[in-house]
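Protein chains: 2
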Amino acid sequence: MVRVSKDPELRRKEFIEVATELFNEKGFDNTSVSDITNKVGLSHGSFFYYFKSKKEIMKEVIFDGLNEIRYSIRQIVDNKQMNAIEKFQTILKWSADVQDTHEEFVEYSHRESNAAMHREYTLRSREMLLPLFVEIIEQGIKEGTFNVEYPTETMEYLTYIFENMEDSIKSSKTEEEYYQKMCALDILIIKALGIPEDTRLLGYYLKPNLKFE
Amino acid sequence: MVRVSKDPELRRKEFIEVATELFNEKGFDNTSVSDITNKVGLSHGSFFYYFKSKKEIMKEVIFDGLNEIRYSIRQIVDNKQMNAIEKFQTILKWSADVQDTHEEFVEYSHRESNAAMHREYTLRSREMLLPLFVEIIEQGIKEGTFNVEYPTETMEYLTYIFENMEDSIKSSKTEEEYYQKMCALDILIIKALGIPEDTRLLGYYLKPNLKFE
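Chains as they are written, first to last, in this note's numbering: chain A, 1 to 213; chain B, 214 to 426.
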């Protein structure tokens, strides 16, 4: 029997925090259960009192991260002062800023050795974040600025683009190429959601952080 | 020194064929170099006369498969009798039929243990197939039936949707849900490429092969 000196819920949280740090540092595949228990200062076996497997704690790490993101987006969705277009613009700007400051995490989650973790992240984020975007689209339809027959399905398809474009955008070799990719994306979103064609959702992106040769 | 009794190019092809079969049967991760050499009937070391690693032969397997697909699509692109919309419809129908007959392969390439192979497939297919679709869009622009400012970038974004929608479509629980997803996709493609709104690209899909409860 494992000695439980701390409140189990607190101990569980501690494991998740430590695992988050280690996965970020070393990658999911290269982190062992012993790495986690060593850092927490408990025996190897104690881990299995709280989690079935490394995969289970990975799922918790991802759930916690996404929960924070969901909370931030929820604040914007619930803001009574903004119209639907402004909400979309604000979230896109916010997520670009987050990606800039968490560039290492984005890079890391795309590494091949973290493929399983990346897939889990992708599937869970669709589940947890998609409904928030659908709420904004429905607000936009009421306001008469969005015109889209299948909000949920269309937004799901757009998330496939967001999930994959990062690599493509980063591979831009010139500022012009980058600019074209951003404009093409802006136009595609606007057409898909039936937003007035002179709207620009991604304007902030046009001063990229990227270095071109 | 390895004894080379066969033309090296033929031997190389034999290795690729055998590897294709084994990857399909057992998955990439579960196939060893020895599995391949055993089936070819040569020593373990002979493999490395032709390939640097299992990863290298995997890349060849994928290249060969994509090359066949490219050849089939090329026939459609070069057909002088079809307009751009007909070419799009034909390719989409053809690829749905291929997916139906190769359902096992599609299922298999999505399995977690084949993540590395799936990623290679995705990246190479963008490189090898995207230009063919851009040719059709350019034909459509000349014919006045397509209206899209950034053909290459827009088509790239649409492929992200094609690559990811399979899972989503398959997870449909009712025929209505399936139908809505297909309609939403049809409308999104049409809007993105500026095709007349009464066009239907995916009509054939509406008699699904899927079983609903």
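All C-beta atoms, glycine included, are put in the ideal place defined by N, C-alpha and C.
Residues of chain B with a CB under 7 Å from the CB of residue i: which are they?
i      : result
T154/A : A397, L401
Quick one, are the C-beta atoms of residue i and residue j less than 7 Å apart?
i      : j      : result
K306/B : I289/B : no
V33/A  : F47/A  : yes
F359/B : I408/B : yes
I374/B : Y157/A : yes
Y363/B : A192/A : no
Y50/A  : F15/A  : yes
I73/A  : I91/A  : yes
M128/A : M58/A  : no
D7/A   : L22/A  : no
M368/B : F346/B : yes
A328/B : A115/A : yes
L201/A : Q89/A  : yes
A297/B : I349/B : yes
S125/A : L42/A  : no
Within 7 Å (strictly less), CB to CB, does residue i reach chain B?
i      : result
N164/A : yes
K80/A  : no
Using a cut-off of 7 Å between C-beta atoms, extract the partners of residue i located in chain A.
i      : result
K404/B : K191, A192
*chain A contacts from the stretch 349 to 374 of chain B (Cβ-Cβ distance under 7 Å)*: E362, Y363, E366, T367, E369, Y370, Y373, I374
*For the 8 Å Cβ check, are there 3 or more pairs between the stretch 385 to 392 of chain B and the stretch 170 to 181 of chain A?*
no
*Please name the residues in the stretch 18 to 33 of chain A whose beta-carbon is closer than 7 Å to at least one beta-carbon of chain B, in chain order.*
none
*Which of the residues in the stretch 255 to 282 of chain B, read from start to end, lie with their CB under 9 Å from any CB of chain A?*
none
*Going along the stretch 295 to 308 of chain B in order, which residues come within less than 7 Å of chain A, judged by CB to CB distance?*
Closer than 7 Å at the C-beta level to chain A, one finds no residue of the stretch 295 to 308 of chain B.
*Touching or not, the stretch 132 to 144 of chain A and the stretch 48 to 55 of chain A, by the rule of three or more beta carbon pairs under 8 Å?*
no
*May I ask you to list, following chain order, the residues of the stretch 168 to 180 of chain A that have a beta carbon less than 8 Å from some beta carbon of chain B?*
In summary, the residues of the stretch 168 to 180 of chain A whose CB is separated from some CB of chain B by less than 8 Å are S168, Q180, in the order they occur in the chain.
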